[in-house]
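Protein sequence lines, in the order shown, are assigned to chains G and H.
For the first sequence, position 87 (counting from the first letter as 1) is numbered 399 according to our numbering, and the numbering increases by one without interruption.
For the second sequence, position 254 (counting from the first letter as 1) is numbered 301 according to our numbering, and the numbering increases by one without interruption.
Here a beta-carbon is modelled for each residue, glycine too, at the ideal position from N, C-alpha and C.
See structure below.
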Amino acid sequence: MSSADSTEIEKSEDSSPVYEFEKSLSDSISKKFSNVEIAYVKQNRIRVNVKKEEIIDVASFIRDELHFDHAESVSGVDYPKDKQIEVVYHLGSYTDPLLSKQILALATRTQREDNPHPGNDSSKLPSLCDVFPSVSFHERECFEMLGVYFDGNPDNRRLLLPEDWADIPPLRKDFAIKGR
Amino acid sequence: MSQKLPPGLQLEKVDDRIMTLNVGPQHPGSGHMRIILKIDGDYIVHCDPDPGYVHRGEEKMAEYRNYITNIPHLERPVIHDSCNILYPYCLGVEELLGLEVPERAKYLRVIAAELNRCVYTEYWLGIYGIFLGHSTMFMWPVGDRELLIDLLDKMTGARVTHAYFVPGGVRNDVPPNFEDVCLRQVNYFEKRLKEYADIFYDNPILISRTKGTGVLSREDAIKLGTTGSVLRASGVDFDIRKKEPYDVYEELDFQTNVLKEGDSYARSKIPWLDMLESCRIIRDALQKMPKSGSVRIKLKPKPKGGDTEVYHRVESGRGSLGMYIVSNNKPEPYRLKISVPSFRNLIAMPHLLKGELLGNLPPVYWSLNYWPVEADR
């Protein structure tokens with residue numbers, strides 16, 4: 313969007329810009345983990361899709377080797393057609409000045425149940441609380457809004473919803489707003 | 048030596064000493080939020096924040112409305128800072144739709160965003176004053192805030208819920224004499240701000256209540272992912288306006304305020320320093336702004352985003368505010384996640400209050416620059 317970085321951008325043959333620094337970050341991840349899919353590399357934004365079994369290893373690598381040190385947000389996205397729920401961690405860095413513009417989206421997917429029983433069904437993911445303590449409240453929110461239980465999060469209680477909420481998790485696509 | 052007690056009496060167990068205390072959700076000091084405390088005498092041994100009393104489902108509502116009709120309701124979580132919460136949304140939608148914002152609109156956005164930052168911070172400061180029993184510090188900021196609200200009223204046509212930012216620019220141009228009025232008001236406002244130091248920030252009572260309470264170390268601030276004034280009061284130099292400049296912040300002359308102490312005093316001082324910096328930014332922007340030109344791109348009705356996703360963030364009055372928009376070729380976003388600074392800073396609260404005196408709850412809690420409505424969305 314801004315023109316300041318345009319000098320650093322080289323045009324590749326198919327005329328889409330190549331972002332060298334972002335590419336080097338994503339390459340170091342894909343070199344270490346062969347099953348990881350790099351979804352896109354844009355200016356200051358990288359997205360990495362991983363299997364849920366691998367997410368703790370990849371997150372630890374991102375923290376220890378690439379120096380991303382905190383999570384900005386954790387978003388759950390519901391995909392009823394794929395029968396999957398996706399959880400996206402947006403990671404940033406305060407300590408490394410080279411990374412201050414970068415946001416790395418680490419995404420993983422889990423199974424989606426048609427009749428959810430939050431906490432007692434197969435919609436489970438390993439928690440990243442031990443790797444990034446900043447995700448704790450975000451994961452709590454994701455649990456109540458989409459029904460994804462985070463194994464290893466010390467606190468999986470309700471956060472924003474009323475204590476007597478008895479309906480399905482409200483950010484799932486099959487939860488409809490009245491009159492819409 | 049075993050202690051002999053009179054019949055019918057027994058020694059107190061440790062667990063009996065612990066009392067659970069609910070602060071809120073109707074308490075004027077908690078704002079629509081409950082803090083569940085466990086106290087031993089006057090000391091807080093455990094703190095469990097319980098937000099959610101003003102959860103309105105903004106993210107769900109956004110999935111049902113198109114990119115333009117989302118604007119008025121998305122500013123509701125924090126109406127005092129409504130320009131800043133719409134800022135990342137507009138930047139995101141502009142990237143989705145491939146829009147280039149006119150130069151004059153970029154400057155108008157910066158001016159509106161900085162005015163809004165001051166309006167929010169004045170409101171926050173007023174409540175901070177009344178929290179600490181300093182009623183003059185409630186009257187002054189709330190009175191001075193009116194000056195800026197008048198300016199924003201002239202600019203946008205509404206006192207608080209402006210809905211001024213739209214994808215592709217701003218909703219309308221400013222009236223002809225706006226530059227002069229704005230400069231005059233901002234200069235007066237800056238003079239007033241400097242008087243706050245005499246009555247509040249140099250006040251020995253404020254200093255004795257806030258210095259050294261609720262200290263957040265640099266390492267913890269980073270580890271807990273705090274943002275904005277909380278982070279910068281702990282010695283981390285991170286301001287999105289400097290680190291990932293958006294619109295025209297790169298061309299403007301300002302600095303970031305960083306303090307090293309990490310206590311409640313530092314956290315309460317950073318927003319005030321930011322307001323002084325905002326005055327500089329507004330003056331600079333007024334000078335560099337093109338004197339005429341378009342302020343808005345005309346859009347087709349119900350524009351569709353591509354099959355992609357964006358994440359944009361700005362520095363709001365409380366810290367980094369991010370919007371994650373997932374689009375699937377429809378006029379409505381498939382998913383919109385608002386990553387709000389209040390919610391991120393809330394994680395620090397149990398950490399800071401553990402071991403504090405109960406009387407230190409208000410200065411520590413409100414120094415987190417927390418806005419309950421925004422955290423709940």
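Would you say residue i and residue j are within 9 angstroms of each other, going by their C-beta atoms?
i	j	result
residue 113(H)	residue 379(H)	yes
residue 404(G)	residue 414(G)	yes
residue 270(H)	residue 228(H)	no
residue 275(H)	residue 365(H)	yes
residue 417(H)	residue 400(H)	no
residue 460(G)	residue 422(G)	yes
residue 135(H)	residue 360(H)	yes
residue 418(G)	residue 400(G)	yes
residue 382(G)	residue 406(G)	yes
residue 120(H)	residue 163(H)	no
residue 243(H)	residue 172(H)	yes
residue 133(H)	residue 350(H)	no
residue 218(H)	residue 336(H)	no
residue 47(H)	residue 179(H)	Outside the displayed span of chain H (48 to 424) sits residue 47(H), for which this structure offers no information.
residue 367(H)	residue 356(H)	no
residue 343(H)	residue 190(H)	no
residue 105(H)	residue 424(H)	yes
residue 349(G)	residue 330(G)	no
residue 402(H)	residue 154(H)	no
residue 332(H)	residue 310(H)	no
residue 385(G)	residue 363(H)	no
residue 253(H)	residue 312(H)	yes
Assign residue i to one of three DSSP states: helix, strand, or coil.
i	result
residue 396(G)	strand
residue 430(H)	Absent from the model: residue 430(H). The displayed extent of chain H is 48 to 424, so no value can be given.
residue 411(G)	helix
residue 450(G)	helix
residue 210(H)	coil
residue 478(G)	coil
residue 234(H)	helix
residue 426(H)	Since the displayed chain H opens at 48 and closes at 424, residue 426(H) lies outside it and no answer follows.
residue 384(H)	strand
residue 469(G)	coil
residue 345(G)	coil
residue 351(G)	strand
residue 392(H)	helix
residue 168(H)	helix
residue 369(G)	helix
residue 483(G)	coil
residue 163(H)	helix
residue 116(H)	coil
residue 414(H)	helix
residue 422(H)	helix
residue 278(H)	helix
residue 374(G)	helix
residue 331(G)	coil
residue 417(G)	strand
residue 139(H)	helix
residue 402(H)	coil
residue 124(H)	helix
residue 185(H)	helix
residue 496(G)	The requested residue 496(G) is not part of the displayed model; chain G covers only 313 to 492.
Can you tell me whether residue i is buried or exposed? The criterion is at least 16 other CB atoms within 10 Å of its CB, across all chains shown.
i	result
residue 127(H)	buried
residue 186(H)	exposed
residue 489(G)	exposed
residue 396(H)	buried
residue 181(H)	buried
residue 469(G)	exposed
residue 80(H)	buried
residue 427(G)	exposed
residue 393(G)	exposed
residue 260(H)	buried
residue 365(G)	exposed
residue 107(H)	buried
residue 257(H)	buried
residue 352(H)	buried
residue 54(H)	exposed
At least one CB of chain A closer than 9 angstroms to the CB of residue i: is that the case?
i	result
residue 461(G)	Among the chains of the structure shown, chain A does not appear; the protein chains present are G and H.
Quick test of your reading: residue i and residue j, contact by CB under 8 angstroms. State the CB separation rounded to the nearest angstrom.
i	j	result
residue 344(G)	residue 373(G)	6 angstroms
residue 462(G)	residue 439(G)	4 angstroms
residue 82(H)	residue 70(H)	4 angstroms
residue 285(H)	residue 340(G)	The pair is not a contact, with the Cβ atoms about 24 angstroms apart (cut-off 8 angstroms).
Restricting to runs no shorter than 4 residues, where is the alpha helix (DSSP H) found entirely within the stretch 300 to 371 of chain H?
Qualifying alpha helix (DSSP H) stretches, in chain order: 311 to 335.
In chain order, which continuous runs of the alpha helix (DSSP H) of length 4 or greater are located wholly inside the stretch 242 to 273 of chain H?
Listed in chain order, they are 251 to 257, 265 to 270.
What ranges does the alpha helix (DSSP H) occupy inside the stretch 53 to 82 of chain H, keeping only unbroken runs of at least 4 residues that lie completely in it?
Runs of the alpha helix (DSSP H) inside the stretch 53 to 82 of chain H: 61 to 64.
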